[in-house]
């Protein structure tokens, strides 16, 4: 067995039947990880680097159950995760320490009929992480069967975590039979509805109308897919009245008469009875309402509408065999999940993250919990350093400041960065500033520099740390596209210059 040494205590985010939410120590322990204990044949230890909060996590916390799945004791939440392999157990041949993986959060029996026929989402003995009594992934470290860990290459950990909800959407696209050019209705602009919007657009559905009760979420949907049409559901309207509004929106304001285009397919992403019924009243003769959302145990639906219009009502349960396709779609830029992330938190701030996720007024869509709060990519630090040095003319100060940047750059690259660096390009990226610092250092005369003071450099280091916090937050919020980096560089250059000479 091969493994890496860990030092941080393993912690997890828990709830219980009393609806408490807290952070506490979890398994596997640091001692067990470092000693190689508890890792079964075929398993790996994963350092979880990003985990999304799902609506089911909030539901288990607030309601204590989802249907027959009941929280009966202290329970770790979370099932949308990606991370890095820390240890590899016996019989694992396709993964090694350091591999970046997305975690498919199920363990199946491989013996029942659904498993043997390739529909393992129906496994009668499944252990699905975060579904009671099986603990989830909102932990620093977790042991998991290697077969359910999918390599993600240079994909960010955030994108890797969102492969799980993307898999839900892909399963729906495949099972529903959506085809190129199909007019489509999506009810609900929550995370699953928005990911379904991205997936359906990629699959060629058109036109698409998406509904929600919240104007902000509809605006967000429009920003993701500008050609999508939106309809704001008004509380109190009947399903038939909502259907008229949906058809008017689908037809670009041209009304909902008998000749109006109707959706061939409705993807229902809320699980709310009124929304299901609106979808039933909206689709065309011979159409289909495909229910993704999880709702209450029993619903009243317009049976005669289904019957006389030959409308199929179809459902899905989780997903199977979707992850490799999801990875390819993200890696090749067919589906961009990054815009869905509206909030970021560390695992230590999990309680605040859950409060945000549970409050509809925050406008939160996806809110991953990362191993650490700052995850800037390599170019942001290096460009910032280079731009700052242009404002410093003393070779000695250049050398010292550049050395500080090199240290920070290396730490960020090795510990916090969301992209892998252990390849030729990454190694050169690290060596370049180190060589530059060595060259500058060999030509400097620190004793002759009136601006060179140990106390000044200590103060610079303290303020540089604060500035790096700001830079990391900016990278997280605005991404690392070049226009944003230029603005960041200009702002940070001025701050560093004032710290050095001000």
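Numbering (the UniProt record's numbering), first residue to last: 1 to 502. Heads up, the beta-carbon is just placed ideally off N, CA and C, and yes, glycines get one too. These figures come from a predicted structure and were not determined experimentally.
Of the candidates 105, 204, 364, 296, the residue whose Cα lies closest to the Cα of residue 134 is 105.
Nearest in C-alpha terms to residue 241, of all of 228, 29, 278, is 278. Relative to residue 101, the option among 189, 157, 247, 129 whose CA is nearest is 157. DSSP links residue 304 through a beta bridge to no other residue.
In the structure shown, residue 62 adopts helical secondary structure according to DSSP, grouped into three states. With fewer than 16 other Cβ atoms inside 10 Å of its own Cβ, residue 65 counts as exposed. According to DSSP, residue 22 shares a beta bridge with 14. Take residue 368, set aside five residues on each side of it, and the residues of its chain with a beta-carbon closer than 7 Å to its own are 50, 51, 52, 158, 161, 341, 344, in chain order. A Cβ-Cβ separation of about 6 Å places residue 44 in contact with residue 89 under the 8 Å criterion.
Scanning its chain for C-beta atoms nearer than 7 Å, with the 5 sequence neighbours on each side dropped, one finds around residue 24 the residues 11, 12, 14, in chain order. The beta carbon of residue 166 lies closer than 6 Å to those of 195, 326 in the same chain, with the five residues before and after it left out. Under the DSSP assignment, residue 352 falls in the alpha helix (DSSP H) whose first and last residues are 350 to 358.
In the DSSP annotation of this structure, the continuous segment of the alpha helix (DSSP H) that includes residue 244 starts and ends at 239 to 250. When only Cα atoms are considered, residue 16 and residue 354 end up about 15 Å apart.
Take residue 299, set aside five residues on each side of it, and the residues of its chain with a beta-carbon closer than 8 Å to its own are 273, 276, in chain order. Beyond the five residues adjoining it in sequence on each side, residue 282 comes within less than 7 Å, by CB distance, of 185, 243, 246, 247, 262, 263, 266 in the same chain, given in chain order. Per DSSP, reduced to three states, the secondary structure at residue 361 is helical. With a threshold of 16 other beta carbon atoms within 10 Å, residue 91 falls short and is exposed.
The criterion of a C-beta distance shorter than 7 Å is satisfied by residue 189 and residue 221. Boundaries for residue 320: no beta strand (DSSP E) harbours it, and the DSSP string shows neither H nor E there. Membership of residue 95 in any alpha helix (DSSP H) is not indicated, and neither H nor E is assigned to it by DSSP. Look at residue 366 here: in three-state DSSP terms it is strand. Residue 228 is positioned such that its CB atom lies closer than 7 Å to that of residue 210. Beyond the five residues adjoining it in sequence on each side, residue 7 comes within less than 8 Å, by CB distance, of 30 in the same chain, given in chain order. For residue 314, the beta-bridge partners assigned by DSSP are 290.
Look at the segment 175 to 206 and you find these whole runs of beta strand (DSSP E), each 3 residues long or longer: 184 to 187. Residue 34 and residue 58 have their alpha carbons spaced roughly 33 Å apart. For the pair residue 103 and residue 81, the CB atoms are nearer than the 7 Å cut-off. Separation of residue 224 and residue 198 (C-alpha to C-alpha, rounded to the nearest whole angstrom) is 8 Å. Close CB contacts of residue 366 within its chain, under the 6 Å cut and outside five residues either way in sequence, are with 52, 191, 340, 341 (chain order).
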